[in-house]
Amino acid sequence: RVVTGAQAERGEVEGAGDDDVVLRLEAMTGRTADWDGVVTLTLTVEAGEGDDTTVVSTDVVQLRAAPVLFPDNLQPPRRLFVVDIPRGEDHNRALMAALRTTPGLPSGVEIYAADGDAYFFDRWIQDSWELGTQVVPGKAGPREMTTALQLERNYGGQGLDAFVPGEWLGADRGFFYPGGAPSSHNYGGNLEVSPPTTLHPFGRLLYGGGTSTLSGARNVDTMNEKQVAFLNAQEVQGPAVELSSEWLSVGHIDEVFQFVPDRDGGGAHQFVVVIASPALARASLLAAQQAGRGDAVVFAGRAASYTADQILAAPNFLALNEAAQARIDSIQTELQTALGLHEDVFRAVPVLYEEADSDGLVVAFNPGIQNLVTVGDRLFVPDPEGPELDGQDVWQQATRAALADTGLDVVFVDVFASYHELFGEAHCGTNLERAPWTMLDDPATAWWNVIDE
4 RVVTGAQAER GEVEGAGDDD VVLRLEAMTG RTADWDGVVT LTLTVEAGEG
54 DDTTVVSTDV VQLRAAPVLF PDNLQPPRRL FVVDIPRGED HNRALMAALR
104 TTPGLPSGVE IYAADGDAYF FDRWIQDSWE LGTQVVPGKA GPREMTTALQ
154 LERNYGGQGL DAFVPGEWLG ADRGFFYPGG APSSHNYGGN LEVSPPTTLH
204 PFGRLLYGGG TSTLSGARNV DTMNEKQVAF LNAQEVQGPA VELSSEWLSV
254 GHIDEVFQFV PDRDGGGAHQ FVVVIASPAL ARASLLAAQQ AGRGDAVVFA
304 GRAASYTADQ ILAAPNFLAL NEAAQARIDS IQTELQTALG LHEDVFRAVP
354 VLYEEADSDG LVVAFNPGIQ NLVTVGDRLF VPDPEGPELD GQDVWQQATR
404 AALADTGLDV VFVDVFASYH ELFGEAHCGT NLERAPWTML DDPATAWWNV
454 IDE
């Protein structure tokens, strides 16, 4: 047996004779901005000893490190991660109950509940890491390793920063940590993968950033360049596209849109894009007002609640949401161009925004419906807590109508105190492990079969 280190460029096996020589080669790192993952391996067979040797044969083969492929929301779920926070005013018992019991996760999907006490009640498990898979061909079929992208956060190594290396890591699991400057734009809520399209058969990586607030004031923020370079180095789902999210206080694209399956729609794609719409939210309030229910309450029973009349009589608030709608319209246009989508794939849901601070950045006013959790055919959707008309929440009704032809089960969940008031929603507080590409129905979609086509 000959063992060489990670930096070795040459190894020799002496006296092999007619015996088989088995070469076991492992990449000690993955594709990065500095290395494209390509290795040229030369096998030279020599006869003789010392200086009296002759070359019998030479063979050259090129190897390529497996890229990290990140799943989209159409791929079958295996395991859902969530931080269990059973105590305090901001407990997440409602979400935990929805996931565990009523209606619960679809059959075959495990729940992994991390201990909130162990992670200082850091509940943002979507934001600390992004799960992907590395798959290589093998004699007995594709072999896979679940690989996490450890994201650069502002937590200084505390909270869930310790989850991947300390609790999750194990056999057939690995992680990459590109590092870089901390920013909330680095978090997992600011990284999405589109489902496959004609232009991008593995889907395309999307992240948020930009240069201006809704008022046009300069505000430059984006995902740090080391993380973006790592994403692009994986090649098969890139180049990653930046979409405007710098106008948001947290700065995540999951505050604007999300991809969900379209099981029954029969359209050009197998998915739809659920996208926030201040215009639809306002229209629903106007409908309630015109029906004589301007007194209908948004956030009924909460410490701060508002009637439809009050919201519609707030000119600055309405102007902010007109600006938000214009920005979201531009994001939709960019998505259509980047992914080759038709406008009918977008499904608007009612979401309003409000100022978060004096810097002009905004957050969702009502729980952001698009910040939902997709688990197979079931959607766990933040309850928007809109006004009721004829005993029905008009914002819930608008959401169900938008998704009625997708064949998905819509489950509304109370996330108001547990996530929404902390500037997040259901998607921010969960993470999914999904089946990799080569474990799906069509093995021809393996990256090594199509990457050079």
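The opening position of the sequence shown corresponds to residue 4 in this note's numbering, with each subsequent residue numbered one higher. The C-beta atom is built at its ideal place from N, Cα and C for all residues, glycine as well.
{"Item": "In chain order, which alpha helix (DSSP H) runs of at least 4 residues are fully inside the stretch 127-193?", "Value": "128-131"}
{"Item": "Using 7 Å as the limit for Cβ to Cβ distance, is Gly-211 near chain B?", "Value": "The question asks about chain B, but that chain is absent: this structure has only one protein chain."}
{"Item": "Beta-carbon separation of Val-277 and Asp-265 under 7 Å?", "Value": "no"}
{"Item": "Should the stretch 67-74 be called in touch with the stretch 430-449, which here means at least 3 C-beta pairs below 8 Å?", "Value": "yes"}
{"Item": "Can you check the stretch 26-52 for any beta strand (DSSP E) of at least 3 residues that lies completely inside it and give the ranges in chain order?", "Value": "41-52"}
{"Item": "Terminal residues of the continuous beta strand (DSSP E) containing Thr-216?", "Value": "First-last for Thr-216: undefined, no H or E at that position."}
{"Item": "Should the stretch 405-423 be regarded as contacting the stretch 380-387, the criterion being three or more beta carbon pairs within less than 8 Å?", "Value": "yes"}
{"Item": "Buried or exposed, going by whether 16 or more other CB atoms sit within 10 Å of the CB of His-459?", "Value": "This structure leaves residue 459 out entirely; the chain is present only between 4 and 456."}
{"Item": "Among Leu-323, Asp-23 and Gly-191, which residue has its Cα nearest to the Cα of Glu-358?", "Value": "Leu-323"}
{"Item": "Along the chain, where does the alpha helix (DSSP H) containing Glu-236 start, and where does it finish?", "Value": "At residue 236 the sequence reads Ala, which differs from the Glu that was named. 228-236 is the extent of the alpha helix (DSSP H) around Ala-236."}
{"Item": "In the structure shown, what three-state DSSP assignment does Gln-261 receive?", "Value": "strand"}
{"Item": "Can you name, in chain order, every residue of its own chain whose Cβ lies under 6 Å from the Cβ of Thr-1, other than the five neighbours on each side?", "Value": "Coverage of the chain is limited to positions 4 through 456, which leaves residue 1 absent and any answer about it impossible."}
{"Item": "Could you work out which residue in Ala-184, Gly-241 and Gly-206 is closest to Asp-224 when comparing CA atoms only?", "Value": "Ala-184"}
{"Item": "Val-41 and Val-59: beta carbons closer than 7 Å?", "Value": "no"}
{"Item": "When you compare the CB positions of Gly-2 and Gly-160, do they come within less than 7 Å of one another, or not?", "Value": "Residue 2 cannot be examined here, being either before or after the span of the chain that is shown, 4 to 456."}
{"Item": "Comparing alpha-carbon positions, which option in Ser-186, Glu-155 and Leu-289 lies nearest Leu-251?", "Value": "Ser-186"}
{"Item": "Could you tell me the alpha carbon to alpha carbon distance between Pro-80 and Gly-107, rounded to whole angstroms?", "Value": "14 Å"}
{"Item": "With a cut-off of 8 Å on the beta carbons, I'd call Gly-427 and Ile-128 a contact; round off their distance for me.", "Value": "With a Cβ gap of about 11 Å, Gly-427 and Ile-128 do not count as contacting."}
{"Item": "Measuring only the C-alpha atoms, how far is Gly-292 from Thr-409?", "Value": "For the sequence presented, residue 292 should be read as Gln rather than Gly. So the two alpha carbons sit approximately 30 Å from each other."}
{"Item": "If you reduce the DSSP assignment to three classes, tell me which class Gln-293 lands in.", "Value": "helix"}
{"Item": "Which one of Glu-29, Leu-209, Val-352 and Ala-407 has the shortest CA to CA distance from Asp-267?", "Value": "Ala-407"}
{"Item": "Measure the C-alpha to C-alpha separation of Leu-154 and Val-301 and round it to an integer number of angstroms.", "Value": "36 Å"}
{"Item": "To the nearest angstrom, how far is the alpha carbon of Trp-398 from that of Ala-327?", "Value": "18 Å"}
{"Item": "Determine which residues share a DSSP beta bridge with Arg-67 and list them.", "Value": "Val-41"}
{"Item": "The beta strand (DSSP E) spanning Glu-436 covers which residue range?", "Value": "433-437"}
{"Item": "Three or more C-beta pairs under 8 Å: does that hold for the stretch 215-233 against the stretch 357-376?", "Value": "yes"}
{"Item": "Give a yes or no on whether the C-beta atoms belonging to Gly-191 and Asp-130 are separated by under 7 Å.", "Value": "yes"}
{"Item": "Skipping 5 residues on each side, what residues in its chain have a beta carbon closer than 6 Å to that of Arg-82?", "Value": "Glu-113, Tyr-115 and Glu-436"}
{"Item": "I need the straight-line Cα distance from Gly-230 to Ser-215, nearest angstrom please.", "Value": "Note that residue 230 corresponds to Gln in the displayed sequence, not to Gly. Going by the C-alpha atoms only, they are around 22 Å apart."}
{"Item": "Identify which residue in Ile-334, Ser-287 and Ser-333 has its Cα closest to the Cα of Ala-311.", "Value": "Ser-287"}
{"Item": "Would you decide whether Arg-27 is buried or exposed? Buried here means 16 or more other CB atoms lie within 10 Å of its CB.", "Value": "exposed"}
{"Item": "Just verifying my parser: in three-state terms, what is the DSSP assignment at Thr-377?", "Value": "strand"}
{"Item": "So what does DSSP say about Leu-355, is it helix, strand or coil?", "Value": "coil"}
{"Item": "For the alpha helix (DSSP H) containing Ser-333, list its first residue and its last residue.", "Value": "318-342"}
{"Item": "Out of Arg-305, Gln-313 and Gly-111, which one is the CA nearest neighbour of Val-418?", "Value": "Arg-305"}
{"Item": "Have a look at Thr-340 and Arg-207 and give me their C-alpha separation to the nearest angstrom.", "Value": "12 Å"}
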